[in-house]
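Participant: The sequence shown maps to residues 20 to 155 in my numbering. Beta carbons: idealized from backbone N, C-alpha and C, even for Gly.
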Amino acid sequence: MSDVCWQCQKNNNLVYKSANLPDDQKQGRCRKQQDHLTNVATERAFYWDLVKESKVTAEREGVRLGQNDPCSRRIAMHYSFDFAQQVHYPSDPMQPGPVYFLTPRKLGIFGVHCEGVTQQVNYLVGESYNTSIASS
Ligand SMILES: [Zn+2]
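1) Can you tell me the Cβ-Cβ gap for glutamate 134 and tyrosine 98, rounded? I've got them flagged as a contact below 8 Å.
2) From the DSSP output, which residues share a beta bridge with lysine 125?
3) Cβ atoms of alanine 95 and isoleucine 128: under 9 Å apart, would you say?
4) For a cutoff of 9 Å on Cβ pairs, would you count arginine 50 as touching chain C?
5) Which residues are close to ligand 1, meaning CB closer than 5 Å to any heavy atom, in chain order?
6) Just to confirm before moving on: does the CB-CB distance between glutamine 28 and leucine 84 stay below 9 Å?
7) Rounded to whole angstroms, what is the Cα-Cα separation between glutamine 44 and arginine 63?
8) If you run the structure through DSSP and keep just helix, strand and coil, what is glutamine 52?
So, in structure tokens, the structure goes:
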């Protein structure tokens with residue numbers, strides 16, 4: 020599994036397939052990917068600046084995760100979130116035999132990470148709570 024973004028995959032595929040093209044077209048494809056990587060570096064630097072500011076704010080204000088009133092502080096904080104859709108776990112530890120390992124339950128994990136305090140809250144979503152839209 021690759022860890023590059025969709026734009027990188029598309030650009031890299033164009034570069035790979037440019038072996039028999041004229042030099043100006045090869046250079047154009049390489050330049051397109053280089054421009055993308057430059058943008059990514061700029062975005063990443065901006066993100067790290069936000070994380071750094073959030074850590075300074077959290078330290079200064081004594082921010083901790085816990086129950087708070089909404090908008091109870093006049094501060095800015097940076098949060099990241101992600102959803103892991105296909106986490107499997109054994110469904111019944113008392114189930115005898117090898118079927119126990121063959122029929123895991125699915126679990127979704129929605130994680131919200133507070134960058135300022137470097138702590139995360141995970142919401143576990145069992146497969147029985149998943150909804151889907153049936154395609155026609
Ligand atoms: Zn990329």
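Facilitator: Working from what's here:
1) The residue labelled residue 134 in the question sits at position 115 within the sequence shown. The residue labelled residue 98 in the question sits at position 79 within the sequence shown. That belief holds up - the Cβ atoms of glutamate 134 and tyrosine 98 are roughly 7 Å apart, short of 8 Å.
2) Working through the sequence shown from its first residue, we reach residue 125 at position 106. According to DSSP, which records beta bridges pairwise, lysine 125 is partnered with His107.
3) Working through the sequence shown from its first residue, we reach residue 128 at position 109. Working through the sequence shown from its first residue, we reach residue 95 at position 76. Contact: no.
4) Absent from the structure is chain C; it holds one protein chain and no more.
5) Cys24, Gln26, Cys27
6) Position 9 of the sequence shown, counted from the start, is the residue given in the question as residue 28. Position 65 of the sequence shown, counted from the start, is the residue given in the question as residue 84. No, the Cβ-Cβ distance between glutamine 28 and leucine 84 is not below 9 Å.
7) What you label residue 44 is simply residue 25 of the sequence shown in a count that begins at 1. What you label residue 63 is simply residue 44 of the sequence shown in a count that begins at 1. When rounded, the distance between both Cα atoms is 29 Å.
8) Translated into the one-based positions of the sequence shown, residue 52 becomes position 33. In the structure shown, glutamine 52 sits in a helix (DSSP, three-state: H, G or I).
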